[in-house]
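Below: the structure, in structure tokens.
Protein chains: 2
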Amino acid sequence: MLSETTVLAALASPRRREILRLVWNQELSAGTIHQAMPDVTFGAVSSQLRSLLEDGLIEARAESRHRFYRARREALGSLAEMLERMWDDKLWSLKLEAELEETRRGPRPRRRRRKT
Amino acid sequence: MLSETTVLAALASPRRREILRLVWNQELSAGTIHQAMPDVTFGAVSSQLRSLLEDGLIEARAESRHRFYRARREALGSLAEMLERMWDDKLWSLKLEAELEETRRGPRPRRRRRKT
DNA sequence: ACATTAGTTTAGTTTAAACTAAAGTAATGT
DNA sequence: ACATTACTTTAGTTTAAACTAAACTAATGT
Chain A
343 MLSETTVLAA LASPRRREIL RLVWNQELSA GTIHQAMPDV TFGAVSSQLR SLLEDGLIEA
403 RAESRHRFYR ARREALGSLA EMLERMWDDK LWSLKLEAEL EETRRGPRPR RRRRKT
Chain B
343 MLSETTVLAA LASPRRREIL RLVWNQELSA GTIHQAMPDV TFGAVSSQLR SLLEDGLIEA
403 RAESRHRFYR ARREALGSLA EMLERMWDDK LWSLKLEAEL EETRRGPRPR RRRRKT
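If you're matching them up, the sequences are chains A and B in order. Heads up, the first sequence is in this note's numbering, so the first residue is 343 and it goes up one at a time. Heads up, the second sequence is in this note's numbering, so the first residue is 343 and it goes up one at a time.
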């Protein structure tokens, strides 16, 4: 469901950002993507591709023995919205007051006391 | 210098996002922040605060025995710009062609051959 | 001086990410 | 049929993050 955490975690990796950038405007085969990052093995690239695929940030198409990948740009929409919400000040911390009030009243987190 | 990776990695943690949200519009003491997240120890919160501080996403002010934290909102500017650049299509993958050409010509990554 | 409060730091554990080397798979070429 | 190509997957290693419990520090209260 493309949570903020999923998208942010995916983007936090420079390697995955690089891949995403490569397939941003066009689809590329796994091999071509690997060629663009010769410092890692094919396996490593394949693994990151799978990760991006599972997170819904790219999509794949098989053709003969190639697999072509391309960015699912829509996936970043939620992140853009999140940032907008953040800049939009108030909304983001709206629940703060209520939350604090609640925990202030509720049972304080019991920390175990040292043995007497 | 607040690299994209730094900001994205910081935001990728739900815990740090929660903290950031709490101190987005106001400064709060470490204790108050901890009260808002009673499922973790004070130590854990303190550690995340330090991490956010080091990454330049929040700033701290000491007053008597309290330490007050608040978001450094400017820090997210670079991320917003990055997203804009991305949505702005072409720019992001501009270097792609040149890069691929280069690696295509250059020495292919030598994979060690199985022992004969 | 001693206890309490507010917070940080340390030591140690658990879990996960990123990678490599090598093996596996499936389609194509000869 | 066998080798090659284009990938994926597995097994194992290294490194780092997030956390807990407990020790530590520094300011305040009595």
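Just so it is clear, CB atoms sit at the ideal spot from N, CA and C, and this is done for glycine as well.
Answer with buried or exposed for residue i, where buried requires no fewer than 16 other C-beta atoms within 10 angstroms of its C-beta.
i	result
Q368 (chain B)	exposed
W326 (chain B)	Since the first and last residues shown for chain B are 343 and 458, residue 326 (chain B) lies out of range.
K434 (chain B)	Looking at the sequence provided, one finds Trp at residue 434 (chain B) rather than Lys. Per the 10 Å Cβ criterion, buried.
A404 (chain B)	exposed
R358 (chain B)	buried
H408 (chain B)	exposed
R446 (chain B)	At R446 (chain B) the pLDDT is 49, less than 50, meaning the model places this residue with poor confidence; the figure from the coordinates comes in the next sentence. The residue is exposed, with fewer than 16 neighbouring Cβ atoms inside 10 Å.
For residue i and residue j, which I take to be in contact (beta-carbon distance under 8 Å), what is that distance rounded to the nearest angstrom?
i	j	result
A351 (chain B)	A354 (chain A)	4 Å
A372 (chain B)	S388 (chain B)	6 Å
Cβ of residue i within 8 Å of Cβ of residue j?
i	j	result
A402 (chain A)	F410 (chain A)	yes
L395 (chain A)	L362 (chain A)	no
Using CA atoms only, rank isn't needed, just tell me which of the options is closest to residue i.
i	options	result
L425 (chain A)	B:V349, B:L391 and B:S388	B:V349
W429 (chain B)	A:P380, A:A413, A:R392 and A:G398	A:A413
L391 (chain B)	B:S406, B:D381 and B:L370	B:L370
T347 (chain A)	B:P356, B:R415 and B:Q377	B:P356
Using a Cβ-Cβ cut-off of 8 Å, state whether residue i counts as contacting chain B.
i	result
A293 (chain A)	In the structure as shown, chain A begins at 343 and stops at 458. Residue 293 (chain A) is therefore absent and cannot be evaluated.
R363 (chain A)	yes
L421 (chain A)	yes
A417 (chain A)	no
T354 (chain A)	In the sequence as presented, Thr is not what sits at residue 354 (chain A); that position holds Ala. Cβ-Cβ to chain B under 8 Å: yes for A354 (chain A).
Please confirm if residue i has its CB atom under 8 Å from at least one CB of chain A.
i	result
L425 (chain B)	yes
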